[in-house]
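All remarks here apply to the structure that follows.
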Amino acid sequence: MFNKILIANRGEIACRIINTARRLHIQTVAVYSTIDADAKHVALADEAIAIGESPANQSYLVIEKIIAACKQTGAQAVHPGYGFLSENAAFAKACLENHIVFIGPTPESISAMANKDRAKTIMHNAGIPVTLGDASEALSQLKKAASKIGVPLLIKAKSGGGGKGMRIVHHLEDFDQLAASAKREAKSNFNDDSIFIEKYVEQARHVEVQVCRDKFGNVVHLFDRDCSLQRRHQKIIEEAPAPFLSEKCRQKMFQAACKAAETVDYHGVGTIEYLVTPNEDFYFMEMNTRLQVEHPVTEEITGIDLVEWQFLVADNQALPLKQSDIQYTQKHAIEVRLCAEIPEQAFKPSTGKINYLRFAKMHELRTEAGYRQGDEVSVYYDSLLAKLICTSKNRQSAIEKLCEALIDSTILGIETNRQYLLTLLQQAKFQQGELSTEYLNSMCLPEKQESDSFDCIAAIAVVYYECYLSNMKFGGFRLNQSTNYTMTFFNQDKAVVVNCKKLSDGYEFQINETIFSQRFTMNQNDCESFSLQADEKRFHVTKLPLSMHCQSAVCELTLQMQLPVTNNFATKNENALMAKMPSTVVEVLVKVGESVGLGDQLMILEAMKIETTITAPKAGVIKTLFFQAGDVIREGELLLEFDV
157 MFNKILIANR GEIACRIINT ARRLHIQTVA VYSTIDADAK HVALADEAIA
207 IGESPANQSY LVIEKIIAAC KQTGAQAVHP GYGFLSENAA FAKACLENHI
257 VFIGPTPESI SAMANKDRAK TIMHNAGIPV TLGDASEALS QLKKAASKIG
307 VPLLIKAKSG GGGKGMRIVH HLEDFDQLAA SAKREAKSNF NDDSIFIEKY
357 VEQARHVEVQ VCRDKFGNVV HLFDRDCSLQ RRHQKIIEEA PAPFLSEKCR
407 QKMFQAACKA AETVDYHGVG TIEYLVTPNE DFYFMEMNTR LQVEHPVTEE
457 ITGIDLVEWQ FLVADNQALP LKQSDIQYTQ KHAIEVRLCA EIPEQAFKPS
507 TGKINYLRFA KMHELRTEAG YRQGDEVSVY YDSLLAKLIC TSKNRQSAIE
557 KLCEALIDST ILGIETNRQY LLTLLQQAKF QQGELSTEYL NSMCLPEKQE
607 SDSFDCIAAI AVVYYECYLS NMKFGGFRLN QSTNYTMTFF NQDKAVVVNC
657 KKLSDGYEFQ INETIFSQRF TMNQNDCESF SLQADEKRFH VTKLPLSMHC
707 QSAVCELTLQ MQLPVTNNFA TKNENALMAK MPSTVVEVLV KVGESVGLGD
757 QLMILEAMKI ETTITAPKAG VIKTLFFQAG DVIREGELLL EFDV
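Residue numbers (this note's numbering): 157 to 800.
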């Protein structure tokens, strides 16, 4: 076994690989870009080496820099993680040519599966079902094929993965625009803008099979996962085993997956992804020739460390288990991806400093995180912050435990999808297994009730009452003679007046004109964190220097303990557009002096590998353009001005 590896990645997956390497007494080398110099994976590794500027195409995607880092540090092998160069055949080949072990399949296997259209042809020839599609090089030919295949259809990056470079076409007149957008995103993520199209299977489930094959021809499957809940074609909730599938369908997919691995002479851990229709017909979608983001749920139900198996195969060892030795643990595992994004604004990425970070501490919970408190979430990389995985005796129990974990996990300073994930897990359709890749598009989020906010305000008031007004020192209680207090908080610039009266068996609250009683039990997690229970409701309150934050299963609220400072000299330019977050200008679609109408496209920005199109809020004439393609803009900067 090699004694030193370099991890050509960052974030949570780099940290995950380091954990297994450390257990096996393998030294690790981290690589980092300028903005990642103080990142968590850098701190965890035994060594770290800088590889370039913050944009991925100047650091993590530069093969020559990764190879040079291996030579400089004496790393004998490279683990590519997922994303970046993980499915790049040229990178795998460069490693071999420089006598560096690539912890993954051969360049030939990667090449066969990396081109998604070619992969479909190979699998079709092997007798595995595939969907109808076309891979013509010319966009005009693709468009002709699209009209024959019919809508809805899917545009996909040939070298794609992770939901990047994908667009659904519902109307043929939108084809050119969506194809151009998919090509740009593919180029940004994979340095290859080639695309193909295929028929979009509606109401399908996304089910995948984990396989592993060694260099001696031994192949096994490690059962299945359901990854149907996706936004922007990227998974956010995954579970194993896939629920509500017949054993007949399962076995057919297992057999096809093992055959796929044998067909391309695959070495290592890989994943065969299928679309499964409501009547359980299944179609090969793609093979990921790398470790998947969602691999922990498979590890949880099998007890197998997949990263260790990757090491073993790369070291020319045989698989340690036969198919008959691999059994379900008779448990169910569910994973959620905690991301820096704003679901209410079409999952717009969120950037900034993480001011407070605490994950729940539960026996059933596994956390894989790439960030720490105080870290900066930048515009340059994917929005994934952490993965929370709960394993329990059955699916319903795992869902309940994961809800508890999300309530007791807090990230402040940036916006996250934590509350959105909680809402999804509590949806009746999800709990009943009515899953499809279109589920999130049709899901209606429940409206927030004033009573839910009042519950959170009450929980904050209890913590404030006990910690401040009753002179409780953190670590011990000291009762005060008075039992009735009025507290004033601020929700942004609006005062929230709360009267709190301590009763013999709880508290009485008056918030605005509403009076209600509630019995709370409170546990102190640390000097800043408190868990409260009120009947069946669970709350988590975090105390910060100037504010208090509360989150529950249905609400999230931050109250300031003093009136926020405002800039009385701020002016509002109604005829200008301002950047809402740090971004890179992809394309400017208008010129100075050009007339535009309401809703016309003005500019395309990119943040966290996701494009956002800026449109005109009203009709007018472009007066000033402050940026051009390639410029990096800061949050709050003016993008353009126009005359009405």
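All C-beta atoms in this analysis are idealised placements derived from N, C-alpha and C, irrespective of residue type, glycine included.
All values derive from a computational prediction rather than experimental measurement.
Straight-line gap, residue i to residue j (C-alpha atoms, nearest Å)
i, j, result
"A525", "H255", "32 Å"
"D330", "I770", "17 Å"
"Q552", "D348", "42 Å"
"F665", "S607", "12 Å"
"T229", "A294", "44 Å"
"L401", "R361", "10 Å"
"Q411", "P263", "24 Å"
"G530", "I305", "50 Å"
"I567", "E394", "21 Å"
"A542", "F695", "21 Å"
"A554", "S548", "5 Å"
"A735", "F782", "11 Å"
"C612", "N213", "44 Å"
"N724", "E669", "Legend: pLDDT at N724 = 36, less than 50; position of this residue unreliable, value from coordinates given subsequently. Near 31 Å, if we compare the C-alpha coordinates of E669 and N724."
Per DSSP, the bridge partner or partners of residue i
i, result
"Q575", "The partner list for Q575 (beta bridge, DSSP) is empty, contrary to what the question assumes."
"P505", "E497"
"L310", "I324 and E354"
"F695", "L688"
"S189", "G208"
"H488", "S548"
"V744", "M759"
"T427", "Q366 and N444"
Where residue i falls, given that 16 or more other Cβ within 10 Å makes a residue buried
i, result
"R172", "buried"
"C683", "exposed"
"I671", "exposed"
"G569", "buried"
"Q125", "Here the chain covers residues 157 to 800 and nothing more, so residue 125 does not appear."
"S565", "buried"
"F372", "exposed"
"S708", "buried"
"L635", "The predicted model places L635 with a pLDDT of 36, which falls under 50 and marks its position as unreliable, so this point remains unresolved."
"D380", "buried"
"M759", "buried"
"M157", "exposed"
"Q486", "exposed"
"M441", "buried"
"S598", "exposed"
"I789", "buried"
"L558", "buried"
"Q297", "exposed"
Where the alpha helix (DSSP H) through residue i begins and ends
i, result
"H235", "Taken as a continuous stretch (DSSP letters only), H235 belongs to no alpha helix (DSSP H), being part of the beta strand (DSSP E) at A233 to H235."
"L541", "Note, L541: premise wrong, no alpha helix (DSSP H); beta strand (DSSP E) at L540 to S548."
"M279", "K272 to N281"
"Y512", "Segment Y512 to R514 is the beta strand (DSSP E) holding Y512; no alpha helix (DSSP H) there."
"G167", "G167 to R179"
"E606", "E606 to Y620"
"Y663", "Here Y663 belongs to no alpha helix (DSSP H); instead the beta strand (DSSP E) covers G662 to I667."
"K196", "K196 to L200"
Residue i (DSSP reduced to helix, strand or coil)
i, result
"R323", "strand"
"K299", "helix"
"E341", "helix"
"V449", "coil"
"S687", "strand"
"M717", "coil"
"Q680", "strand"
"E455", "helix"
"E418", "helix"
"N731", "coil"
"N213", "helix"
"D799", "strand"
"M643", "strand"
"Q648", "coil"
"D461", "coil"
Start and end residues, beta strand (DSSP E) containing residue i
i, result
"C226", "Run containing C226: none in the beta strand (DSSP E); it sits in the alpha helix (DSSP H), I219 to T229."
"R387", "V375 to R387"
"F672", "T670 to Q674"
"S703", "S703 to Q707"
"F438", "F438 to N444"
"E395", "Q390 to A396"
"V767", "Note that residue 767 is Glu in the sequence shown here, rather than Val. Unbroken beta strand (DSSP E) run through E767: I766 to T771."
C-beta neighbour in chain B for residue i, strict 7 Å
i, result
"A250", "In the displayed structure, chain B is absent; only one protein chain is listed."
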